[in-house]
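In what follows, a single structure is set out as structure tokens and then discussed.
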Amino acid sequence: METALAAAAAAGFFDTELHVEVLGPKKMITIMNGTEEVFAISETVVTGWVIILFLFILMKWLTSDLKLVPTSKRQVLAEWFVTFFNNLVKENMGSKMMHFAPYIATIFTFALTGSLVSVLGLRSMTVDINCTGTWAALTFILITFYKIKSNGFGGYLKSFAEPVVVITPINILSEVATPVAMALRMFGNISSGMIISAILYAVLTVLSNVVYNAMSLNIGALNYFHVFQVGIPAVLSIYFDFFSSVIQSYVFIMLTMAYVSDAAGKEE
Amino acid sequence: MNMTDAQALLLAKALVLMGQGIGAGLALIAGIGPGIGEGYAVGKAIETIGRQPEAKSSATTTMFIGCAVAESTGIYGLLVGIVLLFVNPFLKHLEG
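Protein sequence lines, in the order shown, are assigned to chains A and B. Number 246 in the numbering used here belongs to position 230 of the first sequence; there are no gaps in the numbering. Number 891 in the numbering used here belongs to position 59 of the second sequence; there are no gaps in the numbering.
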């Protein structure tokens, strides 16, 4: 067994590449000025464009040819979608804030599809701190806007010095921590799933190679077909792609609704 | 034993890499806290569902949100580990 393992190591069977780019997405489009790079568009943005186009066409198709009494399945689906988000916003933000329903639905759908593109073998949009950071920044702007709207600018500044003045730095810190935590939570969850999937693929490659080698199997080009990679990653994908994406997108909108309705003040 | 500069640099890099590995491992200890906390939350949610089966949907939703929020401390530890393992922030100081 030991000699077999040594022979396998010598033949480079344990050499495997970890196909994971944690350091950030690829640059898809680069605009060059001579040899100097002026502007680069990352994979995240290009994936985002494709998703926006896809969602636009999907929503157009769902809402075309509407009737008072729905006769088609797609109108029932569209109505269910709208009712679901209307009820969610009404439950969590109150009926005064119903104008938030389209925004919440947009963020949820975009975040969900952006995370789920990993199923198609693309890089998830949410494995980019810039993407989740942007959404968290939007939430932060909304929170600040509603705080200023309900308390006035003076009241907003004064709220940092409550209950005592000494606590001001901690209040500022906790105000900044809100969007940072939201961005990191989504980014960390989805990227950890991506890294674990990549490590699993690498391990299964080594495992298949070792088994081929132990069976003295030499099937030419088919040696690059790693038999253990069939099926096993799909099981983990159910948790790391589907479950994690849905839960994180849902948590993101729930927190957005909670923070914004809290900032807008109590409703009678 | 006398070392050349190149050997000394190699040794220094090896030490940095060792420290990064140990640090990444230690950072992931942060996963213990959320694990215990989430387990407790899920247990309480199951107790609630056992007592009031009609509250199942709202208890489940609230539990998932609470779990995801409690998870963030673990995620911070994970991110520190990822940065240590893949970004190698301390090796840059040696090359300067």
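C-beta: ideal position from N, C-alpha, C; glycine also. Note that this is a predicted model, so its numbers are computed, not measured.
Restricting to Cα atoms, I'd like to know which of the options is closest to residue i.
i	options	result
M48 (chain A)	A:A56, A:I157, A:F244	A:A56
V143 (chain A)	A:I186, A:S261, A:V276	A:S261
A873 (chain B)	B:A900, B:G863, B:K845, B:M850	B:A900
G906 (chain B)	B:L841, B:L843, B:Q839, B:I864	B:I864
M141 (chain A)	A:T79, A:V62, A:P185, A:D278	A:V62
E903 (chain B)	A:D278, A:G204, A:G281, A:L84	A:G204
S105 (chain A)	A:I120, A:I188, A:Q91, A:L82	Before going further, note that residue 105 (chain A) is Val rather than Ser in the sequence given. Of the candidates A:I120, A:I188, A:Q91, A:L82, the one whose C-alpha sits nearest the C-alpha of V105 (chain A) is A:I120.
I263 (chain A)	A:A280, A:Y172, A:F124, A:M231	A:F124
G875 (chain B)	B:L926, B:A862, B:G898, B:G853	B:G898
A199 (chain A)	A:Y172, A:Y255, A:T46, A:I269	A:I269
K165 (chain A)	A:R90, A:A280, A:K83	A:A280
P921 (chain B)	B:Q852, B:S889, B:G871, B:A844	B:Q852
G867 (chain B)	B:L841, B:G882, B:G909, B:A887	B:G909
R201 (chain A)	A:S265, A:V226, A:S224, A:G168	A:S265
E927 (chain B)	B:T836, B:M835, B:V848, B:T880	B:V848
P118 (chain A)	A:M75, A:V181, A:D81	A:M75
S58 (chain A)	A:T122, A:P86, A:M44, A:G168	A:M44
D257 (chain A)	A:S207, A:A230, A:V267	A:S207
G869 (chain B)	B:E879, B:T880, B:H925, B:M895	B:M895
H925 (chain B)	B:A862, B:Q884, B:L841	B:L841
M210 (chain A)	A:I254, A:P185, A:K174, A:V227	A:I254
Q245 (chain A)	A:A214, A:T46, A:V267	A:A214
I212 (chain A)	A:S134, A:E52, A:G50, A:N108	A:S134
T79 (chain A)	A:F72, A:Q91, A:P86	A:Q91
Which first and last residues belong to the beta strand (DSSP E) in which residue i is found?
i	result
A56 (chain A)	52-58
I47 (chain A)	43-49
Does residue i come out as helix, strand or coil in the three-state DSSP assignment?
i	result
L841 (chain B)	helix
F922 (chain B)	coil
H242 (chain A)	coil
T87 (chain A)	coil
A140 (chain A)	The amino acid occupying residue 140 (chain A) in the given sequence is Ser; Ala does not appear at that position. Of the three classes helix, strand and coil, the one that applies to S140 (chain A) here is coil, per DSSP.
L173 (chain A)	helix
A280 (chain A)	coil
M113 (chain A)	helix
E107 (chain A)	helix
N834 (chain B)	coil
P118 (chain A)	helix
G149 (chain A)	helix
S166 (chain A)	helix
S131 (chain A)	helix
E95 (chain A)	helix
E178 (chain A)	coil
F265 (chain A)	Note on identity: in this sequence residue 265 (chain A) is Ser, with Phe being the wrong assignment. Looking at S265 (chain A) - three-state DSSP - the assignment turns out to be helix.
G64 (chain A)	helix
L82 (chain A)	coil
Which residues bound the alpha helix (DSSP H) around residue i?
i	result
D257 (chain A)	That residue, D257 (chain A), is in no alpha helix (DSSP H); it is neither H nor E in DSSP.
E191 (chain A)	184-230
Checklist entry - Are the region 99-112 of chain A and the region 239-251 of chain A in contact at 8 Å, needing three or more beta carbon pairs? => result no
Checklist entry - Is the region 212-227 of chain A touching the region 138-156 of chain A in the sense that three or more CB pairs, one from each, lie closer than 8 Å? => result no
Item to check | Cβ pair count under 8 Å reaching 3, the region 149-169 of chain A against the region 192-205 of chain A | outcome: yes
Item to check | Stretch pair the region 850-864 of chain B + the region 899-918 of chain B: three plus CB contacts closer than 8 Å | outcome: yes
Item to check | Contiguous alpha helix (DSSP H) assignments of at least 4 residues, all confined to the region 837-925 of chain B | outcome: 837-859, 864-883, 888-902, 904-914
Checklist entry - Below 8 Å, can you find three or more Cβ-Cβ pairs linking the region 108-119 of chain A to the region 269-280 of chain A? => result yes
Next on the checklist: If contact is defined by three or more beta carbon pairs under 8 Å, each pair taking one atom from either stretch, is the region 131-141 of chain A in contact with the region 63-71 of chain A?
Outcome noted: yes
Next on the checklist: Taking 8 Å as the cut-off, does the region 65-77 of chain A touch the region 129-136 of chain A (at least 3 CB pairs, one atom from each stretch)?
Outcome noted: yes
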